[in-house]
Structure formats: structure tokens, C-alpha cells
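Worksheet for the structure shown next.
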Amino acid sequence: MILILGGTREGREIASSLAARGFGVLVTVVSGYGAEMIPPDVSVEVLVLELDTCKLEQIIDDRNIRLIIDATHPYARVITGIAFKSAGNKGIPFIRYERPPALTETGTSTVYRAETYDEAAELAVSLGDTIFLTVGSKNLKPFIEAGRRVNKRIVARVLPDVKVMEQCQSLGIPSNDIIAVQGPFSLEMNLTMFREYKAGVLVTKDSGEIGGTDTKLAAAASLGIPAVIIARPDYQGIPTTADIQEIFRQAEGNFAGVR
């Protein structure tokens, strides 16, 4: 059986394609929302849980996993490290899919790069009065803390998940500054949101075009809003491809026995 670490559009596409080719596929996601995004007509098993090394290696043993495909978000550094280590411990192949980055030079908007969330937070509060965050729900705290110190407004655009909403509220973000909606968004939708919330600076990950980074940056450029992009983690030494077809070739060729 093939184990796919999912939660992304590419993860769903890979799972669907491999299942259609006759492979047994098990997909893990970290939330019920992630599970709901997998079409019901796709013949895969889905597990909803947050993995650690112990849990993952137990799954490998119990389900006779013969190949791990990491199709998580480009910034899911922790789970990628866990999965790569577990695959090595169990002596099974591992490959990571990484979506191509977005182009980051757009129009006249000033684009800044930050290596860490803390650095991005300090930079953002120096650039605008309303910080429009599109960095996910797990990385909000540095921005909340930096914003409070200098009395800046924080607007968070996050997934429409109950736990995510509760997390935002527990950090003290007012309900009217939480935008709970599934992306990616068009240029026009981003323009509307940035205008409506009077965004002074955009903070984003480089989630690639498939994640809507290009349209976010284009909207910011159009409105003259500076953008802070958080650098992707370094995955040096981890087998990685930006070609989904390479994933299929490995499953069909080197690992044909995982059916």
C-alpha cells in the first residue's frame, strides 16, 4: 500500500490518480476539513490524525506501507522531517512533491522576504497599520504579539474550520477580523478583500500559483500594498520533485509491487 501525506490539492490529485491505476492508497490529513475535501468517489482510505514518529511507524507496520509520498504543503517542515526519518527507519522509499514557487516580482508593489515568522512579523508591523495575514492558523502568534506592542490591526484569512476559528479567537483576534474561507482566490476577490479590510501590508507564504500566491501579489501590487513573503523551508537532502508525473513513474516503475 502507498501512504500519501495529504491535505493539499496535489495530494488529492496524486491519490485519485494512483487509486485509478489500481494501487492501494492510504491518505493522512490533519483535520476533518482536509478529509472532506477528498471527493467521495475516490477509492482511497483516509485517516484524520496528527502524526508523530511513533504513530507513523505503527501505520507503516500495520498497513504494510511500501512507499511514502509526501504531498503536504511546502511549509509543512515538521511532518516532512518525521516522514523522511520514519521511511529510513523502516527501509521503505520516500519521495516528496513540492509545488513550484510563484513569481514574486509583480507590478510596483514592494516585496520583502523574511526567513522566519518572527522576522516577518516585525517587518510587517513596520510597513502598515493593518496586517493582512494569509499564513495559516498555526503561525499567527508572532504577528499577534508584534501587532499588540505597536497597536496594529491584525486580519487573518484562514480556512473555514471550527477548530481554526477557535484558535484565532483564543489568540484574541476579533471575529470581524477573521476571514474564514477556502482559497485560492482570483485577483478580483483579493482586491475586494484587501480594499474591504483596508490592508496596509500583506503577509504570505510562497504557496505557488496553485496556492494563489501569484494573485495575492498581483492584487497587492495593484493597490500599492507592500508584501512580506516568508521563505520556504530548506529541504536539502530529502528526495523531492516538482513533477507529479515523476511520482507516478516511481510508483509504476520502481515500486510496482505496492499494489
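Here the numbering used here = 1-based position in the sequence shown + 155.
The C-beta atom is built at its ideal place from N, Cα and C for all residues, glycine as well.
Being a predicted model, the structure only gives us computed values, none of them experimental.
Quick test of your reading: residue i and residue j, contact by CB under 8 Å. State the CB separation rounded to the nearest angstrom.
| i | j | result |
| --- | --- | --- |
| E270 | A375 | The Cβ separation is near 20 Å, so there is no contact. |
| I393 | F239 | 5 Å |
| E401 | A257 | 21 Å between Cβ atoms; not a contact. |
| Y272 | N306 | Actually they are not in contact, since the Cβ atoms of Y272 and N306 sit about 20 Å apart, beyond 8 Å. |
| A276 | F249 | Actually they are not in contact, since the Cβ atoms of A276 and F249 sit about 33 Å apart, beyond 8 Å. |
| R251 | Y390 | 7 Å |
| P388 | Y267 | About 18 Å; that fails the 8 Å criterion. |
| T208 | I237 | 5 Å |
| K296 | L326 | 6 Å |
| Y188 | D316 | 4 Å |
| G179 | I159 | About 11 Å separates the two Cβ atoms, so there is no contact after all. |
Helix or strand or just coil, what does DSSP make of residue i?
| i | result |
| --- | --- |
| L204 | coil |
| V185 | coil |
| L346 | helix |
| D225 | strand |
| Q368 | Reading the sequence as shown, one finds Thr at residue 368 and not Gln. Correct three-state label for T368: helix. |
| K318 | helix |
| R304 | helix |
| A354 | coil |
| R167 | helix |
| R312 | strand |
| I402 | helix |
| A335 | strand |
| A386 | coil |
| I193 | coil |
| L173 | helix |
| L158 | strand |
| L288 | strand |
Note down, in chain order, each residue of its chain lying with its Cβ closer than 7 Å to the Cβ of residue i, except the 5 sequence neighbours on either side.
| i | result |
| --- | --- |
| M192 | R167 |
| G408 | none |
| G367 | G338, P339 and F340 |
| T261 | Model confidence at T261 stands at a pLDDT of 46, short of 50, so the residue's coordinates are unreliable; what they give is reported in the following sentence. The residues are L372, A373 and A376. |
| A190 | V184, V201 and V203 |
| T163 | A226, T227 and H228 |
Which residues in the same chain have their Cβ closer than 6 Å to the Cβ of residue i, if we skip the five residues on either side of it in sequence?
| i | result |
| --- | --- |
| T205 | The question names Thr, yet the displayed sequence has Glu at residue 205. So the qualifying residues of the chain are V185. |
| I482 | Coverage of the chain is limited to positions 156 through 414, which leaves residue 482 absent and any answer about it impossible. |
| D332 | V310 |
| V319 | S292 and V313 |
| A265 | Note on identity: in this sequence residue 265 is Thr, with Ala being the wrong assignment. Result list for T265: P381, in chain order. |
| L202 | T183 |
| A279 | I286, V356, V358 and V383 |
| G161 | V182, V184 and A226 |
| E200 | L181 |
| A354 | T285, F287 and I380 |
| S330 | none |
Spatial neighbours of residue i within its chain, please: C-beta separation below 8 Å, excluding the five flanking residues on both sides.
| i | result |
| --- | --- |
| V197 | R167, A170, S171 and A174 |
| L346 | A374, S377 and L378 |
| I247 | I215, I220, R221, L222 and I223 |
| G283 | K307, A354, G355, V356, I380 and P381 |
| E300 | A276 |
| E165 | A226, Y252, R254, I365 and I399 |
| I334 | V310, A311, R312, V313, M348 and Y352 |
Taking 8 Å as the line, does the beta carbon of residue i fall inside it for any heavy atom of the ligand ATP?
| i | result |
| --- | --- |
| P195 | Among the ligands in the structure shown, none appear at all, so the ligand ATP cannot be discussed. |
Inset, instruction - Please list the segments of the beta strand (DSSP E) lying wholly inside the stretch 230-286, counting only runs of 3 or more residues, in order along the chain. - result: Runs found: 249-252 and 266-269.
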